[in-house]
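Protein chains in written order, with the numbering used here: chain B, 14 to 509; chain L, 3 to 140.
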């Protein structure tokens with residue numbers, strides 16, 4: 014019996030072997046256990062479907078009534094099962110696609126856990142990231158049966174760089190990396206392959222257009238020679254890496270300053286720092302964006318005014334024209350990740366600026382003194398004086414300094430090192446937010462704990478190996494950092 | 003030294019005179035570069051400059067061809083299905099690789115508790131896909 018990814022099946026539950034449940038084959042994987050890393054086992058990654066009596070607080074009378082014909086998706090606790098735990102196929106109609114002739118169950122809602130409140134919520138099935146098996150066009154079979162097949166994941170990378178020192182005349186570079194290489198190969202400069210340059214004033218789309226036909230061919234599969242042997246090669250764009258605003262351009266979203274300027278969710282500009290925004294329900298979904306572009310094209314075809322087109326684009330935070338990459342098989346929102354390096358390092362640089370602005374002359378002198386004699390690792394290159402030369406610090410320098418900032422501050426920072434007006438403001442702010450009088454000493458401790466959490470977030474963000482525990486820790490640390498930064502700094506910076 | 007000690011090094015390939023070596027140095031083997039003209043945004047450039055410029059690109063297929071024929075790279079690259087492991091560090095540990103039929107396996111055949119994974123291109127799979135799309139389009 015053949016099963017394909019994305020199909021719905023009945024399987025034996027992992028937690029209770031006697032129980033059978035319905036689910037979807039999310040992926041066919043090799044399971045690598047730490048105690049037996051040489052022998053990966055075939056396994057299936059399953060998402061579960063719930064019956065109406067498993068819905069907890071969402072088991073309303075109406076849902077129970079529909080329960081004999083309906084199931085609910087849940088987006089957590091994926092199960093890894095051995096393939097022989099599959100019992101049989103089941104036909105399920107996801108109600109956001111057209112209705113099949115035969116089906117056993119239908120799905121109209123999804124349960125998910127809201128990250129902010131950590132509570133289970135429910136949303137309509139239309140608001141989901143579709144499984145790749147639903148939108149990927151299947152590649153062609155190799156012309157000869159026993160031909161070797163190689164599937165490449167291409168990471169396309171676009172960044173601007175200045176050609177002259179101080180003159181604004183930037184050139185864009187387009188490179189590719191091969192996702193099939195392990196990280197230690199991928200990071201080497203020789204394994205970044207140049208595709209082309211975008212001249213100053215040119216557009217990414219114009220430069221890439223001649224290569225598009227080739228990319229479509231590669232998605233379908235092409236025969237290539239490898240050491241006197243013909244092999245079948247399938248290559249597709251798996252990732253698009255770019256910083257702002259090119260990253261937003263490449264997934265057809267308006268620039269970051271727009272009303273809806275996030276490429277992953279529809280958070281409005283005035284709620285960017287509001288962590289109660291439900292970013293799972295409010296996410297941008299690839300098929301929804303596609304529908305918007307179809308509507309936009311209809312408007313254009315009807316010959317409506319430019320203002321109406323702009324209004325439409327503004328309402329959904331989309332560009333008025335799709336980019337060239339949108340014709341490829343990819344989920345534009347999931348496969349264009351945010352640039353964590355710019356985000357984290359940019360934040361650290363900003364925070365360094367704020368911290369040095371707080372210090373008075375004595376404080377700055379004391380900082381430099383303690384920074385000079387700090388026992389740094391011998392392999393670190395010498396950095397210029399951070400107080401006077403912060404503007405010439407590169408991102409990597411700022412991150413290096415963030416590692417040792419908590420220790421240096423802990424050694425020297427005293428109330429006398431901080432400008433008295435700023436100290437008084439901070440004292441008042443912290444007292445009012447915690448409803449008890451905070452002394453100068455408390456303020457110092459709060460500044461140091463800000464740095465501890467910022468350094469912790471940076472360290473966890475760039476770990477080379479991530480376990481589920483690390484991810485949970487990162488999530489908690491980010492929430493804690495958000496809380497403390499808003500509490501200590503936000504109003505001081507923006508509301509004076 | 004790496005070149006001299008390489009098992010496939012043949013002294014016949016070395017240039018016999020310095021002039022030949024010099025001519026080779028000026029033009030190392032390069033991938034073919036194609037050019038096409040692109041429109042330049044006139045808001046960013048002086049009004050006297052050209053409205054179009056040439057952009058140069060290197061074909062992605064050529065890059066892949068070179069990678070395929072580089073055994074030192076190929077032996078370290080991974081071309082299998084997605085891997086599920088407690089510690090994630092590579093792209094094939096991630097969701098996109100695991101789920102997408104463009105990178106991992108698209109079907110698995112299960113009979114009597116024994117499994118045999120299929121590559122994407124079996125007849126059965128095609129039927130499966132057709133069945134799948136048919137079912138979705140209905």
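Glycine included, C-beta positions come from ideal geometry on N, C-alpha and C.
Other residues of its chain near residue i: CB distance less than 8 Å, five sequence neighbours each side excluded
i: residue 160 (chain B); result: 236, 243, 244 and 245
i: residue 59 (chain L); result: 35, 36, 37 and 38
i: residue 470 (chain B); result: 357, 487, 490, 491 and 494
i: residue 128 (chain B); result: 292, 293 and 488
i: residue 483 (chain B); result: 473 and 476
i: residue 44 (chain B); result: 53, 54, 55, 56 and 93
i: residue 29 (chain B); result: none
i: residue 526 (chain B); result: The structure shown has nothing for residue 526 (chain B), since chain B only spans 14 to 509.
i: residue 421 (chain B); result: 380, 383, 384 and 387
Residue i to residue j span [Cα, whole Å]
i: residue 481 (chain B); j: residue 94 (chain L); result: 16 Å
i: residue 211 (chain B); j: residue 318 (chain B); result: 32 Å
i: residue 76 (chain B); j: residue 120 (chain B); result: 11 Å
i: residue 410 (chain B); j: residue 110 (chain B); result: 50 Å
i: residue 441 (chain B); j: residue 451 (chain B); result: 8 Å
i: residue 213 (chain B); j: residue 182 (chain B); result: 6 Å
i: residue 106 (chain L); j: residue 152 (chain B); result: 12 Å
i: residue 113 (chain L); j: residue 96 (chain B); result: 9 Å
i: residue 118 (chain L); j: residue 15 (chain B); result: The pLDDT assigned to residue 118 (chain L) is 49, lower than 50, so where the model puts this residue is not dependable, and the model offers no usable value.
i: residue 14 (chain L); j: residue 56 (chain L); result: 41 Å
i: residue 131 (chain B); j: residue 24 (chain B); result: 28 Å
i: residue 331 (chain B); j: residue 149 (chain B); result: 23 Å
i: residue 446 (chain B); j: residue 435 (chain B); result: 16 Å
i: residue 24 (chain L); j: residue 17 (chain L); result: 10 Å
i: residue 310 (chain B); j: residue 273 (chain B); result: 20 Å
i: residue 67 (chain L); j: residue 392 (chain B); result: 38 Å
Beta-carbon proximity of residue i to residue j, cut-off 7 Å
i: residue 40 (chain L); j: residue 220 (chain B); result: yes
i: residue 168 (chain B); j: residue 254 (chain B); result: yes
i: residue 41 (chain B); j: residue 110 (chain L); result: yes
i: residue 335 (chain B); j: residue 306 (chain B); result: yes
i: residue 325 (chain B); j: residue 379 (chain B); result: no
i: residue 138 (chain B); j: residue 33 (chain B); result: no
i: residue 342 (chain B); j: residue 232 (chain B); result: yes
i: residue 250 (chain B); j: residue 234 (chain B); result: no
i: residue 21 (chain B); j: residue 37 (chain B); result: yes
i: residue 337 (chain B); j: residue 218 (chain B); result: yes
i: residue 123 (chain B); j: residue 71 (chain B); result: no
i: residue 90 (chain L); j: residue 479 (chain B); result: yes
i: residue 187 (chain B); j: residue 208 (chain B); result: yes
i: residue 71 (chain L); j: residue 239 (chain B); result: yes
i: residue 365 (chain B); j: residue 403 (chain B); result: yes
i: residue 468 (chain B); j: residue 416 (chain B); result: yes
i: residue 198 (chain B); j: residue 78 (chain L); result: yes
i: residue 500 (chain B); j: residue 461 (chain B); result: no
Residues near residue i in its chain [Cβ-Cβ closer than 7 Å; skip 5 each side]
i: residue 115 (chain B); result: 104
i: residue 64 (chain B); result: 80 and 84
i: residue 498 (chain B); result: 463
i: residue 381 (chain B); result: 398 and 400
i: residue 260 (chain B); result: 276, 349 and 352
i: residue 200 (chain B); result: none
Cβ-based burial, residue i [other Cβ within 10 Å; buried from 16]
i: residue 374 (chain B); result: exposed
i: residue 401 (chain B); result: exposed
i: residue 270 (chain B); result: exposed
i: residue 361 (chain B); result: buried
i: residue 194 (chain B); result: buried
i: residue 65 (chain L); result: buried
i: residue 190 (chain B); result: buried
i: residue 54 (chain L); result: exposed
i: residue 47 (chain B); result: exposed
Check: residue i C-beta below 6 Å from any heavy atom of the ligand MG
i: residue 274 (chain B); result: As far as ligands go, the structure on display features none, and thus does not contain the ligand MG.
Residues near residue i in its chain [Cβ-Cβ closer than 6 Å; skip 5 each side]
i: residue 19 (chain B); result: 144 and 146
i: residue 83 (chain L); result: 106 and 107
i: residue 10 (chain B); result: Absent from the model: residue 10 (chain B). The displayed extent of chain B is 14 to 509, so no value can be given.
i: residue 439 (chain B); result: 456
i: residue 355 (chain B); result: 256
Minimum length 3: unbroken beta strand (DSSP E) runs contained in the stretch 187-238 of chain B: Qualifying beta strand (DSSP E) stretches, in chain order: 206-211.
Whole alpha helix (DSSP H) elements within the stretch 408-445 of chain B, 4-residue minimum: 408-425
Ranges of the beta strand (DSSP E) found wholly within the stretch 107-192 of chain B, counting only runs of at least 3: Listed in chain order, they are 118-126, 133-137, 162-175 and 183-191.
Chain A contacts made by the stretch 444-477 of chain B, where a contact means CB separation under 8 Å: Although the question refers to chain A, the structure presented lacks it and instead comprises the protein chains B and L.
Uninterrupted alpha helix (DSSP H) stretches inside the stretch 62-120 of chain L (no shorter than 4 residues): As summarised for the stretch 62-120 of chain L, the continuous alpha helix (DSSP H) elements at least 4 residues long and confined to that stretch are 62-70, 73-76 and 97-101, given in chain order.
Sequence ranges, beta strand (DSSP E) only - wholly within the stretch 240-312 of chain B, length at least 3: 242-255
Residue ranges of each alpha helix (DSSP H) within the stretch 355-400 of chain B, 4 or longer: 374-385
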